[in-house]
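Structure record follows, encoded as structure tokens.
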Amino acid sequence: DVKVTQSSRYLVKRTGEKVFLECVQDMDHENMFWYRQDPGLGLRLIYFSYDVKMKEKGDIPEGYSVSREKKERFSLILESASTNQTSMYLCASRTTRLGSYSYEQYFGPGTRLTVT
Amino acid sequence: GQNIDQPTEMTATEGAIVQINCTYQTSGFNGLFWYQQHAGEAPTFLSYNVLDGLEEKGRFSSFLSRSKGYSYLLLKELQMKDSASYLCVIPAGTALIFGKGTTLSVSS
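Going down the list, the protein sequences come from chains L and S. Counting along the first sequence from 1, when you hit position 76 you're at 78 in my numbering, and nothing is skipped either side. Counting along the second sequence from 1, when you hit position 4 you're at -11 in my numbering, and nothing is skipped either side.
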């Protein structure tokens, strides 16, 4: 089974702090993704990575950056946390190897971040 | 561009059948997913349709009509544990575009 893990389930940070959210997958997947999920807005893509050291902006990258130094790990960084970044953050991964469900993404359990 | 519409909320009773509809617009079609998400948990894969017709998997079935830009998820013999949000999702390049989800509440 594919396993995607995230460093914390719950996190509370203060405004202005630098925040690191870590995501690790164990299936040698090439692509990794960071989403945030807010009530009434659904899942929105922040950043994604095609492969190691490669990254692309998603729909809402402002206020975030990412790092992918190793294939299994994709980090989301909030340079200076703000209250409007209080949200559920979901990491996902997928393989680009051909298969019936090659677009399927596997999700981690999520990190609920509260910025006070 | 891409757009997905699905109802916000639905209610049903245990043992019943419910159909969750989804309409979409996309410039290039690469299939359609349904994901299930329980409150506070990550989305999990339910189904993937790329050809027209009905795909059945146990109590859950998913239907696709590419010409109409329409899909539905059919849940039979509803159980309390089916209370969740159901997300209609379409691929867009490398990423996925998620509908806002339909929250299904199953009561006894």
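The beta-carbon is built from N, C-alpha and C at its ideal position, and this holds for glycine as well.
- Restricted to the stretch 25 to 91 of chain S, the beta strand (DSSP E) segments that are unbroken, complete and at least 3 residues in length are 29 to 34, 38 to 42, 45 to 50, 55 to 60, 69 to 77 and 80 to 83, listed in chain order.
- If the five residues before and after residue 37 of chain S are omitted, its C-beta is found closer than 7 angstroms to the C-beta atoms of 49, 50 and 51, all from its own chain and listed in chain order.
- With respect to chain L, the C-beta atom of residue 85 of chain S has a partner C-beta closer than 8 angstroms.
- Between residue 8 of chain S and residue 87 of chain S, the gap from beta carbon to beta carbon reaches 8 angstroms or more.
- For the pair residue 77 of chain L and residue 20 of chain L, the CB atoms are not nearer than the 8 angstroms cut-off.
- Taking 8 angstroms as the CB threshold, residue 81 of chain S lines the interface with chain L.
- Here residue 35 of chain L has 50 and 94 as same chain residues with Cβ atoms under 6 angstroms from its own Cβ, once five neighbours each way along the sequence are excluded.
- Apart from sequence neighbours up to five positions away, the residues of its chain that approach residue 88 of chain L with a beta-carbon distance below 8 angstroms are 115, 116 and 117, ordered along the chain.
- At a C-beta separation below 8 angstroms, residue 91 of chain L has no neighbours in chain S, since its nearest C-beta there lies roughly 11 angstroms away.
- Per DSSP, reduced to three states, the secondary structure at residue 85 of chain L is helical.
- Proximity of the stretch 78 to 85 of chain S to the stretch 55 to 66 of chain S falls short of the contact definition, fewer than three beta-carbon pairs being nearer than 8 angstroms.
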